[in-house]
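Accompanying notes for the structure given below.
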Amino acid sequence: MMTFLILATAGLLAFQAALGGSFLLLRRSAMLTDAMAHSVLPGLVIGYLFSGSRSGPEVILFAAASSFSSAYLIDYLNKFAGIWFEASTGFVFTSLFAIGIVLITTLGGNVDLDADCVLYGELLYVPFRYSSTHSWYDALPLPLWNQIWVGLAWALFLFFRWKQLKTWAFDAEFCRHAGISDHVIRRLVLALTSMSIVVGFDAFGAILVVGFFILPAATAWLISRTWHAMILISLLVGLGSTGLGYSLALFFDWEPGPSIVSVAGLFFLGAAIAFRQNRANSTFRPTH
Amino acid sequence: MISTQLLWIIAGCVLAAYLLALSGIPTYLRREALTGDALSHAIFPGVVLAVWISGSNAGWPTYVSGMLVGSLALFLIQTIHQKTRIPKDGATGIVLIVFFSAGLLLLGRLQRSGIPLGGIQHVLLGKAATLLPADLGILGILAILGSLLFFVFQKWVWLEAFDAKFAQHSGLPTFAYSFVLNTWTALVLTATIQILGAVLSAAMLLTPAALGHFLSPNPKILIRTALLSAIAAAVFAGFISASIPAMSTGALMVIMLFFLSFPFFLLYPEKGILMKWIARKKEARRWSDENTLKFLFNSTGIRSAIQNNPSLRRLSNKKLVHQNNQGEWHLTQTGIKNAERIVRKHRLWETFLHQRLLVPEDHVHENAELMEHLLDDEAEERLAQELNHPSSDPHLSPIPPRK
């Protein structure tokens, strides 16, 4: 049951990451997930100050807001100050990260946030964290609920905006000419991504979240030739590496997060060697 | 005693910041700004490996293994990008996260087997207070070596940044250049992440060069801005972190640099976000004022339906229009003069389009609506000469003479 709850939570994250990761990879913004994961920090500290807990709804909202605003600021500096996209990414997220660190150290011992819990998360505690409101909400662990809500938001977004998303992911230029607002779609994707990053971060730590957003999507992109295949394969890679990496971690007494990411890395390596020619002449490619 | 310690820390910070800012310039100009971030995470397993083998994180094994693992990571990014056509930033992210995870797995093994870890926990967040004189010596040697390398090979750096293909054709050994640059950056990051932390070293590698390049692509200005801003941030951060021992020096440095560079991004003439916004607003106002003047010129004595029209308010402040007792707006003497200029430009342009470009007379108005705001005095004069000072436009309306 414990394992099932962990895997269910991870599976829902894998679903969100498969979508968000694929869109961002195709829009050449894969490093944005890394940036957004780092930018969670100041929001986390401020949320903690407000609520006094490390994973209340305030913390999640503040962290998501800070993560989203980093993505927004990156786009803004890139567009209006003409700073290269990579440079603006690096500038914004490192600055926010630094602000977060200074906030933590200024607050001294009052903040129960350390590097270990931020990096590794508390995957093993996932099945033991309940809302303890003594209601129907206690039926499932809190991290699983969080994943369910954000997963539902993604599903709704897909259901209502599938065509626009598909158009946007491949050709933003065409998207604009077709009368679909490129900015609105991008911001919606980034907002949902920031929610996913924060709830994922809360359950599993930064490493696993970034790994989940980048590796399965890249692996799937190597193998697949259509959208549906890409999303399905990246979901499978996410689930497969969770199962395998988690088992290895239990068996060898490793840290589960890094172990899962390493397994996903091996999946990518295998796919890269086996399918390296697949992309050469394919039209299934991102544009600028 | 305190002051010597303080001097050590500040010297260490300044050396580290100088090294990173200098090495960041070529990397930035090759548009590989995020490579520094990838590299500073990717050398982590190298550092852990060195600790495992040699038992401490000070000394040459760390540098050698950090350099090797870093070069391997950059080689992999390049290979993945070229062989599989995954976008460069995707490849960067993949290598970053996988190498970092591998490092964390290794670190976990080490912690469980009870091997003393030295200062390895500082690799993530950095700690300048633990700086040893030996570290300072290494930083100093690297700084001298880096400056020499940079100033000897400066021409290559600019050539490669300006046009990589051209550089290759004019005999620059591109592969060797990349290899040396990558290895050097890995070495510098290995030396600095223990003082500043992984993410923050990456920031110090990128931001000074970004600021320099934002101010001017001119090499001299770029280098000076990058180095000076990095050193200033380092001195500030060193002072503050010496008085507040728990504070992360790297984070302070990055925040200083943020506060140093963000005003430039906002306020730098002609490039800053706010300045560009103000210039756009001004231009829009000029157009709308000119349109208002023209409108009043064509139909004088208009009762403005909108009481608080901003364009009318601006014009009446400049004494170009005034409102009489019945609330009607009229042009003043200067107002008429200004309006005539705009109408003249409009009608001259219409005449030009009709006579010289043979545009039908019912098609010339829209284009003249734009050009009346864009023609300057000299162009207007030349246009009039070219058309032999016409007295009326294609619609037979008089063209006001120049006064």
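Chains A and B supply the protein sequences, listed in that same order.
Per my numbering, the very first residue in the first sequence carries number 1; after that it's consecutive.
Per my numbering, the very first residue in the second sequence carries number 289; after that it's consecutive.
Backbone N, C-alpha and C define an ideal beta-carbon position, used for all residues, glycine too.
Every value quoted in this text rests on a predicted model; they were computed, and no experiment measured them.
- Cβ proximity to chain A below 9 Å picks out 565 from the region 565 to 584 of chain B.
- Residue pairing by DSSP puts residue 619 of chain B in a beta bridge opposite B:609.
- Under DSSP, residue 680 of chain B shares a beta bridge with B:686.
- For the region 242 to 258 of chain A, the residues whose beta carbon sits under 8 Å from a beta carbon of chain B are, in order, 253, 254, 255, 257, 258.
- Around the beta carbon of residue 445 of chain B, a 10 Å sphere encloses 16 or more other beta carbons of the protein chains shown; the residue is thus reported as buried.
- The beta carbon of residue 86 of chain A falls within 8 Å of a beta carbon belonging to chain B, placing the residue at that interface.
- Here the region 192 to 203 of chain A lies against the region 141 to 155 of chain A, with 3 or more beta-carbon pairs under 8 Å apart.
- Residue 488 of chain B belongs to the set of residues whose beta carbon lies under 8 Å from a beta carbon in chain A.
- Taking residue 547 of chain B as the centre and dropping the five residues before and after it, the same chain places no C-beta closer than 8 Å to its C-beta.
- Note that the C-beta distance between residue 158 of chain A and residue 71 of chain A is not below 8 Å.
- The C-beta of residue 535 of chain B comes closer than 8 Å to at least one C-beta of chain A.
- In the same chain as residue 317 of chain B, and ignoring 5 residues on each side of it, the C-beta atoms closer than 6 Å to its own belong to 449, in chain order.
- Under a criterion of Cβ atoms nearer than 9 Å, the residues of chain A adjacent to residue 498 of chain B are, in order, 83, 84, 87, 88, 90, 91.
- Excluding residues up to 5 positions away in sequence, 308, 312, 324 lie with their Cβ nearer than 6 Å to the Cβ of residue 493 of chain B in the same chain.
- From the listed residues B:349, B:389, B:620, B:301, the smallest Cα separation to residue 212 of chain A is found for B:389.
- Taking the C-beta atoms as reference points, residue 354 of chain B is found nearer than 8 Å to residue 331 of chain B.
- Between residue 6 of chain A and residue 127 of chain A, the C-beta gap is smaller than 8 Å, which places the two residues in contact.
- A distance of 8 Å or more separates the beta carbons of residue 540 of chain B and residue 45 of chain A.
- Proximity of residue 396 of chain B to chain A, defined by a Cβ-Cβ separation below 8 Å, is satisfied.
- DSSP, read as helix, strand or coil, puts residue 431 of chain B in helix.
- Taking the Cα positions, residue 130 of chain A is about 19 Å away from residue 11 of chain A.
- Judged by pairs of C-beta atoms under 8 Å, the region 468 to 486 of chain B touches the region 326 to 341 of chain B, as three or more such pairs exist.
- Just so you know, the alpha carbons of residue 240 of chain A and residue 451 of chain B end up roughly 44 Å apart.
- For residue 262 of chain A, a Cβ of chain B is located within less than 8 Å of the residue's own Cβ.
- The C-beta separation of residue 550 of chain B from residue 560 of chain B comes to about 10 Å, leaving the pair out of contact by the 8 Å criterion.
- Around the Cβ of residue 631 of chain B, a 10 Å sphere holds 16 or more other Cβ atoms; the residue is buried.
- It is roughly 15 Å from the alpha-carbon of residue 402 of chain B to the alpha-carbon of residue 254 of chain A.
- Interface with chain B (8 Å Cβ-Cβ cutoff): residue 9 of chain A is excluded.
- For the pair residue 40 of chain A and residue 67 of chain A, the CB atoms are nearer than the 8 Å cut-off.
- Chain B has a Cβ within less than 8 Å of the Cβ of residue 31 of chain A.
- At a cut-off of 8 Å, the C-beta of residue 172 of chain A has no neighbouring C-beta in chain B.
- Counting only Cβ-Cβ distances below 7 Å, residue 325 of chain B has contacts in chain A at 90, in chain order.
- A residue is called buried once 16 or more other Cβ atoms fall within 10 Å of its Cβ, and residue 399 of chain B, having fewer, is exposed.
- Of the other Cβ atoms in all chains shown, 16 or more fall within 10 Å of the Cβ of residue 95 of chain A; this residue is therefore buried.
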